[in-house]
C-alpha cells in the first residue's frame, strides 16, 4: 500500500512538486502549440482550397468548360498541396468531361496519378458540397478525408474541388509525437538533475539531523555529560533556512550543555555532602550506641523510666545508623565507585538470605525456587546479598503475617532473573511508578510491621544498575513480584 504524501521525505515532496509543475507547464504549452498549429494548418489548407478553386476562372475555355491540361484536375493543383479532388457535374447531374473528353471526377496525387471517383463517392460529395464554405468530407473507400468546396459555373455545371487533409493530420500527429517525446525526455532529465540538485541542497540538513541523532543517543540523565557534538560552522549560516535551523540547534546544545554542567556540579556537591555527612555521623552514632549499652550494664539500680529511655535512645541510634549507612552506600554508588568483581553463586546467596529472613520473621511462609545447577554472576557478593536482603525485608515489612514469599533464581539467556514474589495486598498503582525512588514509602496502603527508611528498594535499583542490570515490578492484589535482571558476563 503506497504511503500518503504526508509521510514522504522532503526530497520526494520537492522533486514531485517540481515534476508536477513542469508536467503541467509542458502539457499546457504542448496543448496550446498543437491547437494553434492545427488551426493555422486548417486555415492554410482552406486558403489553398480557395486558391485552387479560383484558378478555374483563368483556365475555362470559351464554352465555359475546363480545357485539357495533361490530366484531370491539373488546373486546380497548388504546389505542395498534396492530393487534389476534382468533380464537375452538369446541370442534369451527370459527370462533365473536359476539352479532351476526359470525365472530370478524379483524385490526383502528388505524382500526377489519378483515380476516378465511384458513384457512391460522387453522391457523398454532391450531398456535402452544397455551398461555397469549405467542409470536411470523408469520401470513403480508401480515398480519405478532404476539405471540399463548390462553385456553380456559367452553364449551370457544379464544380467541386477538394484538398486532402492527410498532410495536416500527418503533421499534427508528428507534432504530437515530438511534444510527447520531448516532454518525457525533459521530465526524465529534470528528475535526474532535480534529484542531484535537491540532494546537494539538503545535504546540510542531513548533517543537522545527524548531529541531533548523535545527541539523542547520549545518556543525559546522570553523570558528567560532554556535549561536544555540534553542527559544522559552514552549515550554520543564518542567511539560509537550513543554516538558521543549524544555528538554533547549536545554540540549544550550548544551553543544554551549560544546564547539564550546572546539574552535574549540583549533584556532585549533594553527593559529596551526603557522603561527608554520613561518614561524619557514623562516629557519634556509634558513641551514642556504646554509651547507651554501657548505661544498661551499670550494676547500680536504675529507675525504670531511665532504662526505658536509654533503650529508646539505643534503638533510634541503631535506626539512624542504618539510615546513615544506606545514604553512604547510595552516595558511593552514585559517584561510580567501582564494586568488587568476583564469581557470585546466586543460588547459595538466595539460600542464606531466605534463611536470615525466616529467622527475622517466622510468621511468614518463606519458599525457595532454585534451578538444579548453581547460577553464578560476576559481581560484589556483599552488595548482591544486601540486594536480596532488602527485597526480602521489603516483603516482610509490607505484608501481614502468614503471607507466602517465594524467592526465585532463573537464567534467561545472557541474563539471570532474581525475583521475590508474595501474595500480599500488592503495591498501589499510583505508587508503582516511583517505588524504586529514594524515600518512597508505602505506609498509606501496605501494612507496616516496623519502621522503614524508604531507601531499601532504591538501594536494590542502584546495586542492580551498578552491576549492569535493571529492576522490574509487576503487582496486583494477591500477586506482587520484584525482579532484578543481572548479566551473566
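Residue numbers (the working numbering): 140 to 628. Every residue, glycine too, gets a C-beta built ideally from N, C-alpha and C.
Out of the options, point me to the one whose CA is closest to residue i's CA.
i, options, result
"residue 274", "426, 542 and 182", "182"
"residue 431", "443, 243, 387 and 454", "454"
"residue 167", "366, 311, 291 and 318", "318"
"residue 500", "542, 472 and 484", "542"
"residue 463", "595, 383 and 546", "595"
"residue 529", "546, 328, 515 and 387", "546"
"residue 593", "281, 486 and 574", "574"
"residue 623", "491, 555 and 567", "555"
"residue 175", "158, 162, 315 and 388", "315"
"residue 485", "513, 498, 467 and 397", "513"
Who are the near neighbours of residue i in its chain, counting only those whose CB is closer than 8 Å to its CB and skipping five residues on each side?
i, result
"residue 106", "The chain is shown only over 140 to 628; residue 106 falls outside these bounds and no answer can be derived."
"residue 679", "The structure shown has nothing for residue 679, since the chain only spans 140 to 628."
"residue 488", "520, 523, 524 and 527"
Just to check my reading of the structure: residue i and residue j have Cβ atoms closer than 8 Å, yes? What is that Cβ distance to the nearest angstrom?
i, j, result
"residue 480", "residue 517", "5 Å"
"residue 228", "residue 265", "7 Å"
"residue 350", "residue 368", "6 Å"
"residue 626", "residue 603", "Actually they are not in contact, since the Cβ atoms of residue 626 and residue 603 sit about 10 Å apart, beyond 8 Å."
"residue 246", "residue 222", "6 Å"
"residue 448", "residue 428", "Between residue 428 and residue 448 the Cβ distance is about 14 Å, and since that is not below 8 Å, they are no contact."
"residue 630", "residue 336", "This structure gives no information on residue 630, because the portion of the chain shown stretches from 140 to 628."
"residue 531", "residue 544", "7 Å"
"residue 628", "residue 553", "7 Å"
"residue 506", "residue 483", "Rounded, the Cβ-Cβ distance is 22 Å, inconsistent with contact."
"residue 502", "residue 540", "4 Å"
"residue 330", "residue 158", "6 Å"
"residue 381", "residue 344", "5 Å"
Kindly indicate which three-state DSSP category residue i falls into: helix, strand or coil?
i, result
"residue 358", "coil"
"residue 322", "helix"
"residue 375", "coil"
"residue 455", "helix"
"residue 298", "strand"
"residue 352", "helix"
"residue 558", "strand"
"residue 626", "strand"
"residue 206", "Low per-residue confidence applies at residue 206: pLDDT is 44, beneath 50, and the placement is therefore not dependable enough to give any value."
"residue 370", "coil"
"residue 223", "strand"
"residue 615", "strand"
"residue 233", "coil"
"residue 574", "coil"
Per DSSP, residue i forms a beta bridge with which residues?
i, result
"residue 518", "481"
"residue 543", "504"
"residue 610", "623"
"residue 275", "286"
"residue 439", "Answer is none; residue 439 lacks a bridge partner."
Once you ignore the five residues that flank residue i on each side, which residues in its own chain have a CB closer than 7 Å to its CB?
i, result
"residue 338", "150"
"residue 562", "542, 543, 617 and 618"
"residue 371", "346"
Is residue i close to chain B, meaning its C-beta is less than 8 Å from at least one C-beta of that chain?
i, result
"residue 563", "The question asks about chain B, but that chain is absent: this structure has only one protein chain."
With a CB to CB cut of under 6 Å and the five nearest residues on each side skipped, what residues in its chain are close to residue i?
i, result
"residue 180", "307"
"residue 452", "431"
"residue 346", "374"
"residue 224", "246, 285 and 301"
"residue 613", "620"
"residue 551", "none"
"residue 385", "347, 370, 374 and 375"
The ligand SAM heavy atoms versus the CB of residue i: any closer than 7 Å?
i, result
"residue 490", "In the structure shown, the ligand SAM is absent, as is every other ligand, since no ligand is present at all."
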